[in-house]
Amino acid sequence: MLKVGDGTRSLNFFIDTILLTILAMLLFRWYNFYVVYWRYTPLHFGWFFFPTMFGYYSFFELIFAKTPGKWFTHSRVVAKNGKRAAWFMILLRSMMRLTIVDLFFGPFLGGPLHDFASSTTVVQDPTH
Numbered sequence: 034m035l036k037v038g039d040g041t042r043s044l045n046f047f048i049d050t051i052l053l054t055i056l057a058m059l060l061f062r063w064y065n066f067y068v069v070y071w072r073y074t075p076l077h078f079g080w081f082f083f084p085t086m087f088g089y090y091s092f093f094e095l096i097f098a099k100t101p102g103k104w105f106t107h108s109r110v111v112a113k114n115g116k117r118a119a120w121f122m123i124l125l126r127s128m129m130r131l132t133i134v135d136l137f138f139g140p141f142l143g144g145p146l147h148d149f150a151s152s153t154t155v156v157q158d159p160t161h
């Protein structure tokens, strides 16, 4: 079990953020069709981005233990003991990503807050 470095984690974040932003923008545009033509209540983009972010990370990490960004970098999420992370760990991990201060804990905890709080880590995928 070899932990990935900060560069790999940054690339994961960059790829996943682009994909989930595109997905959230599509959902936002789809909803705005109903705002214009059916007089639904207008909502800000954040009402689409943050639930999409939670769903994106929860779905991919629960089902595959990796997101598209992690597929690209050949890494995966595991529990601290090296086994597959439990569902509640993944949901807590996804929830902690929604906090603004998540990434600022790196110097203090040795990684982001979502890893520390959920007792998970990102390692190189042994299948590659």
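Residue numbering for the sequence shown follows my numbering, beginning at 34 and increasing consecutively.
From the three backbone atoms N, C-alpha and C, an ideal C-beta is built for every residue, glycine too.
- alpha helix (DSSP H) runs contained entirely in the stretch 38–125, provided each spans 4 or more residues: 39–71, 79–96 and 101–106
- Cβ-based neighbour list, residue 129, same chain, cut-off 7 angstroms, excluding 5 preceding and 5 following: Within the sequence shown, the letter at position 96 stands for residue 129. If we look at residue 129 and ignore the five residues flanking it on each side, its Cβ neighbours are 135, 146, 147, 150 and 151.
- Assign residue 116 to buried or exposed, taking buried as 16 or more other Cβ atoms, counted over all protein chains shown, within 10 Å of its Cβ. Against the sequence shown, residue 116 aligns to sequence position 83. Residue 116 is exposed by the Cβ-count criterion.
- Below-8 angstroms beta-carbon distance, residue 95 vs any chain B residue: Any reference to chain B falls outside this structure, which holds one protein chain only.
- Below 8 angstroms on the Cβ atoms is my guess for residue 153 versus residue 106; work out the distance and round it to an integer in Å. Counting from one through the sequence shown, the residue named residue 153 turns up at place 120. Counting from one through the sequence shown, the residue named residue 106 turns up at place 73. Not a contact, Cβ separation roughly 16 angstroms.
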